[in-house]
Every structure is written in structure tokens, then in C-alpha cells.
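Going by my numbering, the sequence shown runs without a break in its numbering and finishes at 386.
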Amino acid sequence: MKRAIGAGLGLVLTALTAACQPAAPPPAVNVESTAQHSGVATSLRGLTVVDAMTAWVGAPDGVVLRTIDGGQSWTRSRIEAAAGLDLRSAHGFDAEHALFFTAGSPARLFETRDGGASFALLYEDASEAAFFDGLAFWDEGRGIAFSDPVDGVFHILLTDDGGQNWSEADGLPAPLEGEAGFAASDSSLALGPEGRVWIGTGGGARARVLMSDDYGASWGVVDTPLASGEAGAGIFSIAVAGNNLVAVGGDYTRADTGEGVAAYSLDRGRVWFEPANAPTGYRSGVAAIPGQPGHFLAVGPNGADLSRDGGRTWETVALSGLNAIAFAPGSADGWAVGAGGQIQRIRADQAME
34 MKRAIGAGLG LVLTALTAAC QPAAPPPAVN VESTAQHSGV ATSLRGLTVV
84 DAMTAWVGAP DGVVLRTIDG GQSWTRSRIE AAAGLDLRSA HGFDAEHALF
134 FTAGSPARLF ETRDGGASFA LLYEDASEAA FFDGLAFWDE GRGIAFSDPV
184 DGVFHILLTD DGGQNWSEAD GLPAPLEGEA GFAASDSSLA LGPEGRVWIG
234 TGGGARARVL MSDDYGASWG VVDTPLASGE AGAGIFSIAV AGNNLVAVGG
284 DYTRADTGEG VAAYSLDRGR VWFEPANAPT GYRSGVAAIP GQPGHFLAVG
334 PNGADLSRDG GRTWETVALS GLNAIAFAPG SADGWAVGAG GQIQRIRADQ
384 AME
């Protein structure tokens, strides 16, 4: 039987699980990867994909990488005001316009509107204690940024003008002792239509998901069965496709342990199930594969795994050393980035009969 954890639940919902599983395995999907030359040797995490030809990567020491030709070439620029800082959170609007948030202190948000030729400071957190873990936008105007708690309160920023101005979200659940987020892949938060957002946490006593369905105006929280209780354990990444969500993570200090590394939900995050078989270790990034219902690809330092049934079961994929993964909207083309400046072009197509 599967263990299910949900808001106010804690029940074994085997009937619900069986009813929601596909009657037969979906068609096989081939995952192909091609190594690309990044021109850097640092660990990459701040990946944002605009379309099948365009992507941006935020890197350590204020470095920004961009491709506009599908990764055949990557140009490099640098935010001088972010020297010494890692750009782990990023959002690309198009080939010229992108935002980058620094991880750690000082917490600063930068914008380019000329393809990385110049950068402007849009926001600097006055608390000197913020550590931003993720940045995402529902559309050209409305966006959200998530930081670890500051002074015992979750620190979430909202914008409705493309990041030019930010306000603090209120009505947030209280964090547990030691609870925080993770900036390992810029994907510890996931957005859905009609203002939906899910944010994964860890550390503390439990791994939880903060949820809103009104652009952050009101919030709820639910427990998940991922690893927790240690500073390096919890939810590192969330992906969503319709009502189906997948969360991955685990304990990054025990990367080869397959316990508590994944969970899935079939009802927009209200109830979370442990998989029948899990990924083969800690995973820092997961993405839904567009156009392939129920397909999710998770990556981490010791390998990668594919689910074809919404996160219930996983099979290994020949990729390793990766931190983050993202697909172009509506496309089977994407990228994954990782250690040593690694960039992999990913294509996940339905296999030919």
C-alpha cells in the first residue's frame, strides 16, 4: 500500500491511487542529450528556457550565459555589481529581456533588456538576511520570488509590473523550526494557470508545500513524504502538469540514498503519495515533459530518472552531474545544466514504433 500525506489527512488512500493511475503504460519516450560548450567551469543552477532556441543561465560570480541558436553557441556577460555572487534564480522573458536574483546576501535582482550587454539593479533586499531560492512569472507582469524565512516569517515577494516593483506576500503559514527552501535548481517553486503556485520547503521537522491559487493573495500548506529533519533534506524541485505534481529532493548530503527523494500528487498538491519505486538518489531538479502526459524527468548529481506515469514509478536515464532541467514551453526540447559548467541539450520525443 502507498502512504499518502495531505492537508489534514494522513490516510492510506489506496482506492484513490488506483483510480487515478493510467490503465496501461503510455508510449515510450526517448530522452536524448547533446553536450554543449558553456565556456565556464563553475557549477550552473540558474536555468531559464524561453523557447526551443533561446535560454539563459545565471552562474557564479555574476556571470550570465545566453543562447539564441538552440545552444550551438553561448555568449557570456557579467553583472559587475554581482561579482562574487551566484545567480541561482533567473527568468527569461525573451531573447533580450531577463531577470537574475542573487543567492545569499546581499540579495539583489538585476534586469537586462539588451541581451546581457548591460544590467540594471531593480531590487535589493533591505533585511540583509534574505536568501532567494526561486523566481518565476505567470505572465509578462505577474511574478513571484521566494526566500528562506526572515525573522521567523516566510519571505515571499510579488510583482505585477514585470519586476519593477515588489511587495511582500502576507497571510503566510508560520515556518517550522529550521524550515527553509533550496536554491539548487531555481525550481523549488512551480506555477500553474489562474494564479496557482506551489513552493517546496525542507529542513525543520517536515518537508512541506506552500500553496496559493490566487497569485499569492492567500496561502495554505500541506505535508509531503519527502526526507526532512536535517538542514540538507527536503523538497528541492517541483513540476506541474495539469492536476499532476511531482516533487523531488531528498538529502543532498546523502546523494546515493533513495529514501524520501520523490513524491507525487494527483489533485493539485492536496494529497501526496510516495512512489512505488523512487529515483535512484537525491534529485535537485525535475521538469514535466510538454506534450507527453504523465512524463517527468528528474536530474541530480549521481544520475537522472524518467517517470511515464505521473511520478508513480521511475526508470534510470543515462545522465549525471546535473543540477537543473527545464523544457521550452510546449516543446520536447530543453536544457539541463550542472557541475563543471556542464550544459546538455535535451530532447524527449515519443519513440518511433
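Even glycine gets a Cβ: it sits at the ideal position worked out from N, Cα and C.
{"Item": "With H, G and I counted as helix, E and B as strand and the rest as coil, what does DSSP make of glycine 336?", "Value": "strand"}
{"Item": "What are the boundary residues of the beta strand (DSSP E) that serine 392 is part of?", "Value": "Since the displayed the chain opens at 34 and closes at 386, residue 392 lies outside it and no answer follows."}
{"Item": "Kindly list the residues whose CB is nearer than 6 Å to the CB of methionine 244, restricted to its own chain and excluding five residues on each side of it in sequence; keep chain order.", "Value": "Trp231, Gly253, Gly302"}
{"Item": "Count the C-beta pairs between the segment 73-82 and the segment 371-384 that are closer than 8 Å, then say yes if the count reaches three, no if not.", "Value": "yes"}
{"Item": "My output table needs one value for aspartate 94: the three-state DSSP class, helix, strand or coil.", "Value": "helix"}
{"Item": "Give every residue of the same chain whose Cβ lies closer than 6 Å to the Cβ of phenylalanine 187, excluding the five residues on either side of it in the sequence, and list them in chain order.", "Value": "Leu205, Pro208"}
{"Item": "For proline 93, tell me which candidate among Ala351, Phe134, Pro226 has the shortest Cα-Cα distance.", "Value": "Phe134"}
{"Item": "What whole-angstrom Cβ distance do threonine 145 and alanine 131 have, given they're in contact under 8 Å?", "Value": "6 Å"}
{"Item": "My output table needs one value for threonine 349: the three-state DSSP class, helix, strand or coil.", "Value": "strand"}
{"Item": "How many Å lie between serine 160 and tryptophan 199 at the Cα?", "Value": "14 Å"}
{"Item": "Residues in the same chain with beta-carbon distance under 6 Å from glycine 137, minus the five sequence neighbours each way, listed in chain order, please.", "Value": "Phe164"}
{"Item": "Thinking C-beta only, is glycine 318 closer than 8 Å to arginine 218?", "Value": "Note on identity: in this sequence residue 218 is serine, with arginine being the wrong assignment. Going by C-beta atoms, serine 218 is nearer than 8 Å to glycine 318."}
{"Item": "Quick one: using the 10 Å Cβ neighbour count with 16 as the cut-off for buried, is glutamate 307 buried or exposed?", "Value": "buried"}
{"Item": "What does a CB cutoff of less than 6 Å around alanine 295 pick up in its chain, not counting 5 residues either side in sequence?", "Value": "Val281, Pro308, Ala311, Pro312"}
{"Item": "Could you tell me which of Gly214, Ala202, Gln325 sits nearest to arginine 121, measuring between CA atoms?", "Value": "Gly214"}
{"Item": "Is threonine 87 helix, strand or coil when you go by DSSP?", "Value": "coil"}
{"Item": "For glycine 195 versus alanine 178, is the C-beta distance shorter than 8 Å?", "Value": "no"}
{"Item": "Report the option in Ala357, Ala266, Asp247, Leu330 whose CA atom is closest to the CA atom of alanine 238.", "Value": "Ala266"}
{"Item": "Using a 10 Å radius around the Cβ and a threshold of 16 neighbouring Cβ atoms, would you call proline 226 buried or exposed?", "Value": "exposed"}
{"Item": "Within a Cβ cutoff of 6 Å, which residues of the same chain sit near tyrosine 285, ignoring the five residues on either side of it in sequence?", "Value": "Gly265, Tyr315"}
{"Item": "Taking Cβ to Cβ, would you say valine 64 is nearer than 8 Å to valine 350?", "Value": "yes"}
{"Item": "Does glycine 236 pass the burial test, meaning 16 or more other C-beta atoms within 10 Å, or should it be called exposed?", "Value": "buried"}
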